[in-house]
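A.B. asks:
Chains as they are written, first to last, in the numbering used here: chain Y, 4 to 114; chain G, 409 to 520.
(1) Go through its chain and collect everything with a Cβ distance to residue 112 (chain Y)'s Cβ below 7 Å, but skip five positions before and after it.
(2) Going by beta carbon distance, what residues of the same chain come within less than 6 Å of residue 509 (chain G), once the five residues before and after it are set aside?
(3) By the 10 Å Cβ neighbour count, where 16 or more other Cβ atoms means buried, how is residue 67 (chain Y) classified, buried or exposed?
(4) Taking C-beta pairs closer than 8 Å, name the residues in chain Y that residue 513 (chain G) reaches, listed in chain order.
(5) Taking CB distances under 8 Å as the criterion, tell me whether residue 28 (chain Y) reaches chain G.
(6) Looking at C-alpha atoms only, which residue of Y:23, Y:28, Y:92 is the closest neighbour of residue 6 (chain Y)?
(7) Considering only the beta carbon of each residue, do residue 33 (chain Y) and residue 55 (chain Y) sit closer than 8 Å?
(8) If you measure between the beta carbons of residue 454 (chain G) and residue 477 (chain G), is that distance less than 8 Å?
(9) Residue 456 (chain G): buried (16+ other C-beta within 10 angstroms of its C-beta) or exposed?
(10) Which residues, in chain order, does the segment 85-104 of chain Y contribute to contact with chain G at a C-beta distance below 8 Å?
(11) Residues of chain Y with CB under 7 Å from residue 444 (chain G), in chain order?
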């Protein structure tokens, strides 16, 4: 059974700092890994999807990497802003459209 | 393109009642998945439908059921509600393969 772990559980940084969020998973037989953002009480917003054959994806200030063999992914956020404050979730897909989620990293960026 | 919509957004029920939640996927998407989110367990997969067929089911009791209609809209039903069913229920839609999943805003269910 796939287990997804995210470290740290919470992170507080000053505005402008570059930061890295970590995600690890136990079963490397995945089709893809997806990073989401969730604002309090809201649904999930997809940030980046990395297919199993890819090593990284970039969107604006966000860069996500995937190392299937070691069961790790990282989400790099450059020049953080207060609007980046949210919970960040990673999820692996092992078949069809079924996602296994980590518990998330709650990020607070202070002005 | 309109996003994933879920109705109702908020529900308050009492123990023993049943509830039906609705999800309308993004136009053209044939896959709809349902997830339960609680503070203790996080996000857990309930089931996934593709072209009106349930393709996968999570580890939830039979009180949780769902269906998908020919227009890809989906409903999930929870019978004999328990206090522990209080959660945010999220649905996601996608084309059906290993593509990006798009989530709706969720339905907040409170069981008293």
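Quick reminder that beta carbons are idealized off the backbone N, C-alpha and C, glycines included.
C.D. replies: So, from the listed chains and residues:
(1) Mapped onto the first chain, residue 112 (chain Y) falls at position 109. Closer than 7 Å at Cβ, skipping near neighbours: 16, 18, 83, 84, 85, 87, 88.
(2) As a position in the second chain, residue 509 (chain G) is number 101, starting the count at 1. Excluding residues within five positions, the ones whose Cβ falls inside 6 Å are 500, 502.
(3) Looking up residue 67 (chain Y) in the first chain gives position 64. Counting Cβ neighbours within 10 Å, residue 67 (chain Y) comes out buried, since at least 16 surround it.
(4) As a position in the second chain, residue 513 (chain G) is number 105, starting the count at 1. Those are 45, 46, listed as they occur along chain Y.
(5) Taking the first residue of the first chain as 1, we reach residue 28 (chain Y) at position 25. No - not a single Cβ of chain G is within 8 Å of the one on residue 28 (chain Y).
(6) Here residue 6 (chain Y) refers to the residue found at position 3 of the first chain. Nearest C-alpha to residue 6 (chain Y): Y:28.
(7) The residue you call residue 33 (chain Y) lines up with position 30 of the first chain. The residue you call residue 55 (chain Y) lines up with position 52 of the first chain. A contact, by the Cβ cut-off of 8 Å.
(8) The residue you call residue 454 (chain G) lines up with position 46 of the second chain. The residue you call residue 477 (chain G) lines up with position 69 of the second chain. Result no, Cβ atoms of residue 454 (chain G) and residue 477 (chain G) do not sit closer than 8 Å.
(9) By one-based count along the second chain, residue 456 (chain G) stands at place 48. Burial of residue 456 (chain G) is indicated by the presence of at least 16 other C-beta atoms within 10 angstroms of its C-beta.
(10) Using a CB distance below 8 Å, the part of the segment 85-104 of chain Y facing chain G consists of 92, 94, 96, 98, 99, 100, 101, 102, 103, 104, ordered along the chain.
(11) Start at 1 with the first residue of the second chain, and residue 444 (chain G) comes out as number 36. Correct list: empty, because the minimum Cβ distance to chain Y is about 11 Å.
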